[in-house]
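Protein chains: 2
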Amino acid sequence: MFRDQGFYTAHEKMLVGVDCMVFTLREGRLCLLLTRRKFEPALGSWSLMGGFVKSDESVDNAAYRVLHQLTGLDNVYMEQVGAFGDLDRDPGERVVSVAYYALIKWDDVYIDRVKAYNAQWVDVDNLPELCFDHPLMIRRAIKAMRRKATCEPIAFELLPEYFTLTQLQNLYETILGEPADKRNFRRRILENPCIKRTDLIDKVTSRRGASLYTFDEELYAQSVKFKM
Amino acid sequence: MFRDQGFYTAHEKMLVGVDCMVFTLREGRLCLLLTRRKFEPALGSWSLMGGFVKSDESVDNAAYRVLHQLTGLDNVYMEQVGAFGDLDRDPGERVVSVAYYALIKWDDVYIDRVKAYNAQWVDVDNLPELCFDHPLMIRRAIKAMRRKATCEPIAFELLPEYFTLTQLQNLYETILGEPADKRNFRRRILENPCIKRTDLIDKVTSRRGASLYTFDEELYAQSVKFKM
DNA sequence: ACAAAAGTGTTTGGTATACACCCATGT
DNA sequence: ACATGGGTGTATACCAAACACTTTTGT
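Which chain is which? The protein sequence lines are A and B, in order.
Take 1 as the starting number for the first sequence in the UniProt record's numbering and just add one per residue.
Take 1 as the starting number for the second sequence in the UniProt record's numbering and just add one per residue.
Pasting the structure below:
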């Protein structure tokens, strides 16, 4: 028994961090929430929002905690991207960091919180220089998000409850980085029973007005269960 | 500057582990290398091969080191599955573990090393009870491997240099878990220029003899470059 | 002779793509 | 009247799936 304890204690402990990539859709553009580092190393440079894992919380929970601090939101869609463990990824000290991406609706953002953290929304197609291995994390996250978006309905996490088909198409084009044919896109979307047309009409973005649709989470959950 | 150091030191350090899922193909079956734990907790129960990350090595390198210790192999195909960070995943102490899977050729295995570690090859369709969250890691790894195998030629990591098309088909069926049509499979494979027929004939598995094929790594690397 | 695995093409159905015009409305 | 985005159907090309028999050779 004593020898066993010794096995664990003989090894070195290190800091474990989490880094959150918070995506949203603002005015049709995919944006990422970035902060300015408030401490060395790389003080003042652009950075993802991060934190350290405490010994009484899971890594996933640490990521939720950091996201909540920053955005004030709960029940956010979040996926792990992976662990980043290069030796000198953080020149300050040895830190192994687990990266996550989150998708949130622009309307839900608590602007004052974001401001309190010196955070800003930046268009993903026009990112500034970032510290450490954060650019790599972002590339991996976008890749993972694209793959996921092609086979699961995660895009709705970024849209408001009611949306027009044009908004949805623009979003898919933004995520996947390539244009889509309008008629083919609409056909494909409409044959999915989880996407329901409502009686509501959006008169903001067009003179004629566009039907608003909504995504039926429950119906989707059932259909997934059925496929198993 | 002092405050900044304080920021790091105020946080808690913890053990960071790696767990390796080593797959191979033995007699047409996908097998995983398991060990019996030699210390508490869960002494004697089945476990993945793991270790702790040292402060002077990257997490990836720690995984390679563990794999090398166990198999004697270098230059092995390896992919990260992700970080596993639940609070009580290891009842002995707080450990955040990063899981990897590796694919190796059966012929390359150094049997004596494997034995020295009390390790055994176990058919993935007939796994024993495993400690901690290792069953979850394995499910995730297999899922990741399937996805990868459908769009990248990782299956060749499991086959010897020369293989028959029937072997290759059996392997794909094993990885993907579903049967394939022989003629369709062969057509699809043969229209890939990276898979080259050789003049060699395998007379072991059939009376008639089957052509041996080989995978041209270099040609594949070039074709990937070309697509970018 | 027969068992056992190797090898080989064609047909068919479905899915993905390309494509252009009219509609409704606010200004 | 016109500018702006909303909405609609068809023809075609391509790809994936289904399918069964002959060949070779060791025993």
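Every residue gets a Cβ at the ideal spot worked out from N, C-alpha and C, and that includes glycine.
In this text, all values refer to a predicted model and were calculated from it rather than measured experimentally.
Look at the segment 6-30 of chain B: the residues with a C-beta under 8 Å from a C-beta of chain A are Phe-7, Tyr-8, His-11, Glu-12, Lys-13, Met-14, Leu-15, Val-16. For B/Lys-54, at least one C-beta of chain A is nearer than 8 Å to its own C-beta. Under the criterion of beta carbons closer than 8 Å, B/Ile-175 and B/Ala-155 qualify as touching, at roughly 6 Å.
If you draw a straight line from the Cα of A/Leu-30 to the Cα of A/Asp-107, it is about 14 Å long.
Where B/Cys-151 is concerned, the enclosing alpha helix (DSSP H) starts and stops at 134-151. If you compare the alpha carbons of A/Val-18, A/Pro-193, A/Thr-166, A/Glu-191 with that of A/Ala-180, the shortest gap goes to A/Thr-166. With three or more CB-CB distances shorter than 8 Å, the segment 198-205 of chain B counts as touching the segment 157-166 of chain B.
Taking C-alpha positions only, B/Leu-87 is separated from A/Tyr-100 by approximately 18 Å. With a cutoff of 8 Å on beta-carbon distance, B/Gly-17 and B/Val-76 are scored as not near each other. Counting only the Cα atoms, B/Gly-177 lies some 10 Å from B/Asp-125. With respect to chain B, the C-beta atom of A/Ser-58 has a partner C-beta closer than 8 Å. For B/Phe-185, the enclosing alpha helix (DSSP H) has its first and last residue at 182-190. The beta-bridge partner set that DSSP reports for B/Val-98 consists of B/Val-18, B/Ala-83.
Its Cα nearest to that of A/Glu-218, the residue A/Cys-194 stands out among A/Cys-194, A/Leu-15, A/Lys-182. Looking at the backbone, the Cα of B/Pro-153 and that of A/Tyr-117 are separated by about 45 Å. Excluding its 5 nearest sequence neighbours in each direction, B/Gly-44 has C-beta neighbours in its own chain below 7 Å: Arg-36, Arg-37, listed in chain order. Note on geometry: alpha-carbon atoms of A/Gly-51 and B/Asp-60 lie some 22 Å from one another. Along the segment 82-96 of chain B, going in chain order, the ones with a CB nearer than 7 Å to a CB of chain A are Gly-82, Ala-83, Gly-85, Asp-86, Leu-87, Gly-92, Glu-93, Arg-94, Val-96. For B/Val-98, a Cβ of chain A is located within less than 8 Å of the residue's own Cβ.
Contact annotation for B/Gln-80 against chain A: Gly-82, Ala-83 [CB-CB distance below 7 Å, chain order].
In the three-state reduction of the DSSP assignment, A/Val-76 falls in the coil class.
By the beta-carbon neighbour count (other beta carbons within 10 angstroms, threshold 16), A/Ser-97 is buried. Within its own chain, the residues whose Cβ lies closer than 8 Å to the Cβ of B/Thr-198, once the five positions on either side in sequence are excluded, are Tyr-162, Ser-211, Leu-212, Tyr-213, Thr-214, listed in chain order. For A/Ala-62, the uninterrupted alpha helix (DSSP H) segment begins and ends at 59-71. Counting along the chain, the unbroken beta strand (DSSP E) around B/Asp-202 starts and ends at 195-202.
According to DSSP, A/Gln-169 shares a beta bridge with no other residue.
Here the alpha carbons of B/Val-114 and A/Val-114 stand approximately 53 Å from one another. Residue environment for A/Cys-131: buried (at least 16 other C-beta atoms within 10 angstroms of its C-beta).
Per DSSP, B/Arg-113 is one residue of the alpha helix (DSSP H) stretching across 111-116.
For A/Tyr-220, the three-state secondary structure derived from DSSP is helix.
Judged by DSSP in its simplified three-state form, B/Thr-164 adopts coil rather than helix or strand. In the three-state scheme derived from DSSP, where H, G and I count as helix and E and B as strand, B/Thr-214 is classed as strand.
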